[in-house]
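Chains as they are written, first to last, in the UniProt record's numbering: chain G, 1 to 434; chain W, 1 to 434; chain V, 1 to 434; chain U, 1 to 434.
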């Protein structure tokens with residue numbers, strides 16, 4: 001398979017704060033980056049609502065996608081090329097899959113997927129296979145090429161080595177986002193010696209493995225990941241913003257179904273509400289559009305919608321306490337009743353949020369699915385699963401960790417003036433939980 | 001002057017990639033950060049269209065404003081406190097002015113100001129003095145306090161030492177943006193030893209001066225600034241995006257004045273078009289709103305508006321050649337005629353853009369005004385202007401440097417099929433200029 | 001207690017790659033740094049033989065001592081000052097103890113201490129209390145002051161809070177060396193958010209504790225420490241150099257006792273050999289002096305001494321295999337016999353080296369002694385030992401980890417030409433062990 | 001030309017703080033690094049006495065030599081390979097010349113060369129061509145190979161492109177030392193975008209040129225160089241240490257010629273004093289040996305020698321004032337007389353030190369010789385000398401800058417007790433100069 005005018009006359013580079021430069025020599029890659037569908041990723045933040053906690057985290061999925069591409073390019077061109085088990089005929093396929101793996105993400109993915117029962121992976125596939133500029137460019141490589149790219153991303157492609165490059169527990173996706181998210185948030189976690197890890201990656205028939213001598217660098221990577229999850233990705237303040245976002249979407253849908261006379265009609269949401277959105281409409285969604293609606297809705301007549309939108313836009317978030325729904329079922333019931341008595345709708349203002357269970361593979365918004373374990377290549381040639389060799393990894397893997405929080409608007413509770421007793425009861429329960 | 005509940009019970013910190021942490025101990029500052037007017041700066045990029053050239057440059061003015069505040073806080077608390085000439089009663093005033101100095105910036109400031117004859121400094125003043133949350137918080141310090149803050153920012157405040165902290169050729173504003181913009185773009189310019197510069201700053205009656213021993217650190221800062229201007233701020237690709245943005249605004253205004261039947265009416269622009277915008281409407285503008293319009297306008301019936309919007313949103317920018325309007329007046333005239341013959345409206349598709357003259361003080365979008373020169377404090381106690389001591393600074397200062405470029409859509413020219421001769425003539429002129 | 005001319009007229013700074021600047025305002029500190037005993041630390045490498053593995057690790061104990069001082073200074077001046085439990089009258093005492101804690105280290109401490117049965121802590125005390133410039137400077141603070149400094153370093157000082165600042169499991173010593181050793185070796189481990197840790201340190205009656213909110217930063221520090229031990233401090237190649245160094249010292253002592261006619265007499269070693277060295281002679285030892293002897297001894301008539309010195313100086317080290325002395329006693333015995341048959345003296349050329357056991361507190365050359373556990377200050381005011389709160393720390397603490405290696409000179413074995421059978425037997429045993 | 005067993009079975013890497021990793025694939029390079037002559041560079045500091053000013057600057061010429069090798073390797077393997085004008089048959093020659101270019105440096109080169117009229121370049125050649133391990137390894141490439149390597153380093157090799165890679169105004173030598181010295185001193189100068197510069201280097205028949213688009217990165221490099229010279233390399237405190245070092249050597253030579261009864265005979269210096277040193281003896285010199293002598297000489301009976309050695313070893317340096325020998329000839333004469341009257345030998349205690357003139361090419365200790373100018377490759381294919389295109393470079397190039405300082409021991413002057421008048425006169429002259 002070759003692409004018409006396969007190589008650019010001169011290599012193009014993007015300045016990148018994480019990898020210094022992103023290098024593009026293949027015209028195919030250059031053309032993909034230039035499509036409207038790929039450029040749209042500039043308008044979707046990599047970390048959703050996290051910028052409301054870590055103000056530096058304003059970077060987009062466009063950045064991250066380029067980064068994943070660059071890591072894969074280095075693995076293939078600097079490490080795998082000419083090694084046994086590696087077929088360089090898969091190179092462009094890998095690069096395309098790396099570049100496009102997040103193509104189907106919408107604005108604030110996590111909340112949108114939950115509320116509207118979407119799956120960004122379906123949209124990735126649909127954009128690659130549908131009537132899009134991306135598809136037109138990919139098809140120049142051959143009629144079957146778009147399908148192959150989609151299969152690699154969906155992990156159904158027959159060459160499992162290729163799949164594991166793109167999706168495993170130590171793939172280019174994770175190596176990029178850990179470093180990138182650490183860079184933009186400014187936290188000191190997220191550093192590990194990627195250059196070393198790339199150098200010890202080896203192709204095998206059905207997966208990428210890591211030379212044993214690189215085990216400690218991998219340990220460091222695993223620990224970075226652990227810290228990033230609990231320090232950044234699951235930060236309770238970001239989750240507060242997400243809780244409010246989710247409730248805005250619920251409220252808008254509810255009002256639409258009740259024929260509420262919006263001043264600014266939710267046109268971009270119609271098909272989302274019906275859960276019948278097609279690719280064309282989906283591609284019109286981005287975070288600018290969503291924020292436009294939230295801002296204009298701050299002036300709708302519905303108090304709940306207007307209030308929630310103001311909270312999100314002006315970052316006046318909910319407070320939270322630790323709250324275990326299994327052990328505190330009774331308080332939960334009481335609080336619902338007390339909120340009602342106080343005139344605060346618990347459907348929108350009293351929200352339990354549990355950070356999903358942690359299996360061996362740490363959870364990340366939108367990445368629930370299983371990924372392949374990491375195998376070490378021992379000096380003897382034998383393969384051993386990482387946690388059998390590393391006591392640190394063994395210590396943190398396989399264990400579930402759950403975090404339950406109850407979110408509520410402290411200011412509204414404090415404003416309850418007519419029913420002093422109710423207010424005090426609410427405050428007492430919430431205090432005890434702390 | 002004291003603020004009610006002046007100190008937070010516990011210091012708050014923001015994680016910041018540039019300064020590591022932003023420290024807030026004063027309740028006044030905390031409350032200002034929480035206002036909707038200040039939060040709005042999250043939705044305005046620090047570097048306008050630069051993210052289309054340097055993909056990392058997606059950071060907001062919110063970030064920068066916190067950074068300027070932090071630098072001023074360090075100067076005052078770590079260096080100036082207890083020194084002669086410094087009155088710590090001005091501390092909170094300085095901190096407020098630092099935090100709020102960019103408050104009046106709108107979306108894509110540079111283009112908006114040019115097209116609609118606005119001045120972000122007017123809006124900064126208006127927001128500080130008007131009926132806003134910011135004003136309410138500031139007034140708690142005393143009736144006159146908002147006015148003082150506005151005066152410091154406007155450089156009319158009587159204590160010139162305070163003014164020079166906020167606005168001079170080596171003020172906290174510049175020290176923050178050089179480092180921050182370098183960090184987020186990922187370029188290797190923009191580094192200098194700020195810690196050293198802060199340590200050698202000294203208060204004098206009417207200005208901040210720099211101890212002579214810190215001269216080389218200041219030289220390094222000046223050179224960083226020089227490189228950032230020509231490598232980042234004046235990058236021809238970002239200017240191409242700005243040219244298109246400007247033309248979109250012109251076209252939309254023109255269509256509105258012609259009563260064009262927009263599918264998506266430019267409601268947020270009405271008062272801008274009339275050049276009668278008030279603070280309340282101004283505050284509704286941010287880059288999400290603008291991008292929302294540009295995206296919906298991609299489907300308007302007007303070909304020019306739709307095309308320009310598509311170019312901006314999908315990053316399909318204009319190409320450029322060096323072009324000196326003074327020396328190439330004739331070609332300019334010819335090109336206009338040729339474009340007309342080719343059916344490409346030169347009013348929108350043939351744009352001369354000159355990077356403004358460079359006085360001693362390097363130009364930056366939206367900062368044309370003069371700033372104070374830098375004075376060195378010699379061991380003898382005497383003050384000397386920097387460029388008299390430093391041959392490097394002398395070499396780069398005072399000299400004007402101009403850069404003229406002509407922007408045009410190469411693809412449209414290549415598509416001219418009916419008038420082959422015209423196309424060739426256009427291409428020949430544009431090639432010669434290169 | 002006050003020091004004559006207590007404050008410098010102008011703060012002095014040292015440029016430091018790790019902490020950016022080391023700040024000195026107290027004349028006492030400045031004078032201590034200027035003593036010959038302290039300057040001698042410039043001629044003793046921080047990491048002994050590690051520079052033969054990581055070529056950047058050429059930094060001296062002088063650097064590290066300044067770094068520890070600076071960290072303590074920041075804790076006291078920026079965090080502890082004016083807090084309950086903290087008596088600022090202890091400030092100078094702490095700073096002196098921090099600066100001088102490693103004063104008694106000699107050249108290649110670890111090996112010298114083992115061979116000559118020395119303890120650098122004894123020398124630290126002796127230098128502080130003896131007839132030295134250091135003592136003269138300290139006595140200006142009061143007759144008892146040197147004794148107090150020595151007590152803090154020896155951990156016998158009555159104020160245990162002061163002791164724990166200087167020696168605990170998260171003291172300034174460790175925070176400096178982890179970062180510094182990582183910086184100079186260039187490894188990517190060793191990074192943690194020290195600024196955050198300093199901010200959450202709190203004085204209690206008898207120890208420094210860490211606010212619970214800083215737990216994750218401490219976890220990161222513990223993991224850095226773990227990685228630095230196994231990746232850098234226990235690196236088998238550095239241990240190979242140390243093995244050779246130890247054998248040189250043994251051989252020289254042996255030859256001296258046998259009245260071997262050295263061309264270059266080991267004058268600096270006489271009292272070491274007798275194990276009767278006094279402070280004055282001890283202070284004449286540094287790594288230049290040792291390397292001078294090793295170089296001249298390369299030309300002694302004794303083959304073993306000359307060979308070992310050439311190996312050390314020219315970095316022609318021993319090879320190694322994993323070897324468990326408990327399980328492989330028989331091979332060990334066989335190897336000794338085979339070496340003898342091959343004409344290679346096993347006393348000098350067959351060396352078992354076990355990295356000492358790891359208790360809860362990771363072992364580091366010269367720091368075998370127990371240190372205080374880390375206590376978290378919970379929101380409730382209660383103290384909890386770190387490993388009870390952190391599952392990561394729990395996973396790595398308390399566990400012993402041992403690493404046994406057998407060192408030998410591969411080239412000598414390969415050169416065994418006369419007894420082919422013996423050579424093969426040796427090679428077979430050594431291969432099997434691998 | 002091929003080397004026996006040309007490629008290592010597995011690439012070796014050195015962890016390097018500046019370039020992250022140094023990669024070695026060629027057995028020739030590996031074997032050269034293992035020679036005693038190359039290992040000796042570990043015992044010679046890269047920046048001589050600078051570590052007495054910047055305590056981090058303890059790094060050796062070994063480090064720098066590996067760094068230069070790595071830069072050349074990247075240029076050849078990543079940029080030049082397969083380009084016109086580049087003959088990959090020169091690859092190993094370039095790598096060897098890069099690795100070995102500083103091989104002839106002795107301890108504290110600058111002072112030793114001045115006092116004993118040596119030239120490290122002569123020794124580099126002599127070591128490469130003489131009876132050394134280096135020569136043995138090189139000769140495996142062919143009988144003429146050592147001579148070629150020596151020619152490249154001496155800039156007499158016929159292929160001038162090869163010469164310019166190793167020695168020009170933007171060669172690998174300078175790019176490494178600027179970054180490395182900045183890293184180890186910790187100063188914020190010395191940063192530039194080397195990766196970019198490497199990418200825009202292009203081979204021409206007789207030199208390396210720089211693509212015009214990389215001009216600004218080169219400007220940044222030139223400015224880094226300028227700052228490093230005046231901030232680090234010419235730092236007056238390091239020069240003070242060098243002045244003392246020079247005087248020690250003079251004194252020792254003088255005493256030796258006078259048959260002074262040294263307790264520790266200067267055996268390693270005998271042939272230096274006679275200026276008849278051969279390669280074998282030269283290779284025995286390193287900074288450990290020199291420091292050994294200086295320490296033992298602190299106890300010689302000669303007051304001047306002992307005092308100067310104590311000053312150097314204990315870092316009790318000379319003070320200095322600005323002093324122009326041309327304008328202040330009379331004061332100079334007076335001071336000499338006054339010193340004599342005060343009993344302080346002006347031959348050793350009153351030293352004028354002028355930082356050598358700066359031609360276009362900034363001066364650096366031991367690199368007086370001219371280097372090639374930098375040429376830009378314009379889009380037209382034309383070559384233009386850098387300073388014609390860059391106004392910044394133009395501003396700093398070609399200008400001489402001289403710095404004269406007078407060094408003297410303030411403490412000795414203050415101790416002059418018998419002749420109060422003389423003391424006052426000395427102090428007055430020295431004060432006036434300041």
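Note that beta-carbon positions come from the ideal geometry of N, C-alpha and C, so glycine has one too.
Do residue 333/W and residue 313/W have their beta-carbon atoms positioned less than 8 Å apart in this structure?
Within the second chain, numbered from 1, the residue matching residue 313/W stands at position 313. Within the second chain, numbered from 1, the residue matching residue 333/W stands at position 333. Taking 8 Å as the Cβ cut-off, residue 313/W and residue 333/W do not qualify as a contacting pair.
Determine which residues share a DSSP beta bridge with residue 377/V and list them.
Here residue 377/V refers to the residue found at position 377 of the third chain. For residue 377/V, which the question treats as bridged, DSSP gives the partners 211/V and 383/V.
Does any CB atom of chain W fall closer than 8 Å to the CB of residue 45/V?
Numbered from 1 along the third chain, position 45 holds the residue referred to as residue 45/V. No, residue 45/V does not count as interfacial toward chain W.
Verify whether the separation of the beta carbon atoms of residue 377/V and residue 386/V is less than 8 Å.
In the third chain, counting from the first residue as 1, residue 377/V sits at position 377. In the third chain, counting from the first residue as 1, residue 386/V sits at position 386. Cβ distance not < 8 Å, so residue 377/V and residue 386/V don't count as in contact.
Between the alpha carbons of residue 359/V and residue 223/V, how many angstroms are there, rounded?
Mapped onto the third chain, residue 359/V falls at position 359. Mapped onto the third chain, residue 223/V falls at position 223. Note on residue 359/V: pLDDT 32, under 50, position unreliable in the model; the coordinate value appears next. If I take the Cα positions, the gap works out to 15 Å.
Under DSSP, the alpha helix (DSSP H) around residue 280/V begins and ends at which residues?
Locating residue 280/V in the third chain gives position 280, counting from the first residue. In the DSSP annotation of this structure, the continuous segment of the alpha helix (DSSP H) that includes residue 280/V starts and ends at 279-284.
Can the beta-carbon of residue 28/W be found closer than 8 Å to that of residue 137/W?
Reading the second chain from its first residue, position 28 is the one you call residue 28/W. Reading the second chain from its first residue, position 137 is the one you call residue 137/W. Yes; because the gap between Cβ atoms is below 8 Å, this pair is in contact.
Quick check: what's the CA-CA separation for residue 195/W versus residue 70/W?
By one-based count along the second chain, residue 195/W stands at place 195. By one-based count along the second chain, residue 70/W stands at place 70. Answer to the nearest angstrom: the Cα atoms are 12 Å apart.
Report the rounded CA-to-CA distance for residue 443/G versus residue 339/G, giving the unit in angstroms.
Since the first and last residues shown for chain G are 1 and 434, residue 443/G lies out of range.
Under 9 Å Cβ-Cβ, which residues of chain G neighbour residue 396/V?
Residue 396/V sits at position 396 when you count from the first residue of the third chain. The answer, in chain order, is 391, 392 and 395.
Could you compute how far the alpha carbon of residue 418/U sits from the alpha carbon of residue 23/V?
As a working note, residue 418/U is residue 418 in the fourth chain. As a working note, residue 23/V is residue 23 in the third chain. Note on geometry: alpha-carbon atoms of residue 418/U and residue 23/V lie some 39 Å from one another.
Taking 8 Å as the threshold (C-beta atoms), are residue 38/V and residue 103/V in contact?
Translated into the one-based positions of the third chain, residue 103/V becomes position 103. Translated into the one-based positions of the third chain, residue 38/V becomes position 38. Going by C-beta atoms, residue 103/V is nearer than 8 Å to residue 38/V.
Which term fits residue 265/W, buried or exposed, when burial requires 16 or more other beta carbons within 10 angstroms of its beta carbon?
One-based indexing of the second chain puts residue 265/W at position 265. Classification of residue 265/W: exposed, given that the 10 Å Cβ count is below 16.
Compare the beta carbon distance of residue 110/V and residue 275/V with 8 Å and say whether it is the shorter of the two.
By one-based count along the third chain, residue 110/V stands at place 110. By one-based count along the third chain, residue 275/V stands at place 275. Taking 8 Å as the Cβ cut-off, residue 110/V and residue 275/V do not qualify as a contacting pair.
Can you give me the Cβ contacts of residue 394/U inside the same chain, cut-off strictly under 8 Å, excluding the 5 residues immediately before and after it?
Here the question's residue 394/U lines up with position 394 in the fourth chain. These residues qualify, in order along the chain: 387 and 388.
Just checking, does the segment 41-54 of chain U make contact with the segment 178-192 of chain U on the three C-beta pairs under 8 Å criterion?
Yes, they touch.
Under 9 Å Cβ-Cβ, which residues of chain V neighbour residue 213/G?
As a position in the first chain, residue 213/G is number 213, starting the count at 1. Residues of chain V passing the Cβ test: none, with the nearest at roughly 11 Å.
Please look up how many angstroms separate the CB atoms of residue 101/U and residue 166/U, rounded, as I've assumed it's under 8 Å.
Against the fourth chain, residue 101/U aligns to sequence position 101. Against the fourth chain, residue 166/U aligns to sequence position 166. Their Cβ separation, rounded to whole angstroms, is 6 Å, which keeps residue 101/U and residue 166/U in contact under 8 Å.
To the nearest angstrom, how far is it from the Cα of residue 147/W to the Cα of residue 125/W?
Mapped onto the second chain, residue 147/W falls at position 147. Mapped onto the second chain, residue 125/W falls at position 125. Using only the alpha carbons, I get a separation of about 8 Å.
Along the chain, where does the alpha helix (DSSP H) that runs through residue 33/U open and close?
Counted from its first residue, the fourth chain places residue 33/U at position 33. Here the alpha helix (DSSP H) through residue 33/U covers 27-33.
In the DSSP output, what is residue 416/V paired with across the bridge?
As a working note, residue 416/V is residue 416 in the third chain. Per DSSP, none; premise fails for residue 416/V.
Quick check on residue 14/G: does DSSP put it in helix, strand or coil?
By 1-based counting over the first chain, the position of residue 14/G is 14. If DSSP states are grouped into helix, strand and coil, residue 14/G belongs with the strands.
For chain W, find out if any of its Cβ atoms is closer than 8 Å to the Cβ of residue 315/G; answer yes or no.
Within the first chain, numbered from 1, the residue matching residue 315/G stands at position 315. Chain W, which has a Cβ nearer than 8 Å to the Cβ of residue 315/G, makes this yes.
For residue 244/U, which of 347/U, 256/U and 285/U has the nearest alpha-carbon?
What you label residue 244/U is simply residue 244 of the fourth chain in a count that begins at 1. Comparing Cα positions, the closest option is 347/U.
Can you list, in chain order, the residues of its chain with a C-beta nearer than 7 Å to that of residue 36/G? Leave out the 5 residues immediately preceding and following it.
Taking the first residue of the first chain as position 1, residue 36/G is located at position 36. Around residue 36/G: 133.
How many Å lie between residue 59/U and residue 173/G at the Cα?
Translated into positions along the fourth chain, residue 59/U becomes position 59. Translated into positions along the first chain, residue 173/G becomes position 173. Straight-line Cα distance between these residues: approximately 38 Å.
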